[in-house]
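Asker:
Residue numbers (my numbering): 1055 to 1115.
#1: From which residue to which residue does the alpha helix (DSSP H) around residue 1071 run?
#2: With respect to the alpha helix (DSSP H) encompassing residue 1095, which residues constitute its N-terminal and C-terminal limits?
#3: So, at 8 Å on beta carbons, what are the nonlocal neighbours of residue 1080 in its own chain, with the 5 sequence-adjacent residues on each side left out?
#4: Spatial neighbours of residue 1073 within its chain, please: C-beta separation below 7 Å, excluding the five flanking residues on both sides.
Given below as structure tokens:
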């Protein structure tokens, strides 16, 4: 999985869970991407944000 596919999957999850403005949320998450960290570290961070902010279990990411 690459970064683009990850964010498309996140957007799909947001829509499935009925979150308003999924495009804006994906843009916000993308802006928080830390290039100094590995893909896996960033992916884990996104999982944590999705759970803590939106209660979306993103275990399939």
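Glycine included, every Cβ here is placed at the ideal spot set by N, Cα and C.
Answerer: Let me lay it out:
#1: Looking at the DSSP string, residue 1071 is not in any alpha helix (DSSP H), and its letter there is neither H nor E.
#2: 1093 to 1108
#3: 1061, 1064, 1065 and 1068
#4: 1079 and 1108
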